[in-house]
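Trainee: Going by the working numbering, the first residue of the sequence shown is number 30, and it counts up by one from there.
The beta carbon of each residue, even a glycine, is placed where N, CA and C say it ideally should be.
Treat the numbers as computed from the prediction; the structure is a model and nothing was measured.
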Amino acid sequence: MAMIIYLPDPQDIINTMEFRETIQIPLPSGGFVNAQPLDFQQARVIGIVSTDPMDYMDEKYQPGALISR
């Protein structure tokens, strides 16, 4: 049996997320971090895509964290 969950999302949040510029930063484990570039040397983490559970435990890749090159 499948379950579908409907959640109300404000259109303002959905619209701003669609047009946000993102970059993908590769991780040593083979996954990548989705980030929003702030300037030439910094980006803010939006999310992570990885098959390695330890990548999700690393605090420097948590959503909202700032990473630099």
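Is N55 helix, strand or coil when you go by DSSP?
Mentor: Contrary to the premise, residue 55 reads as Pro rather than Asn in this sequence. Strand at P55.
Trainee: Is P66 helix, strand or coil when you go by DSSP?
Mentor: strand
Trainee: Provide the residue(s) that pair with I96 in DSSP beta bridges, ordered along the chain.
Mentor: A72
Trainee: Tell me where the alpha helix (DSSP H) around E85 begins and ends.
Mentor: A small fix is needed here, since residue 85 is Tyr in this sequence, not Glu. Residues 82-86.
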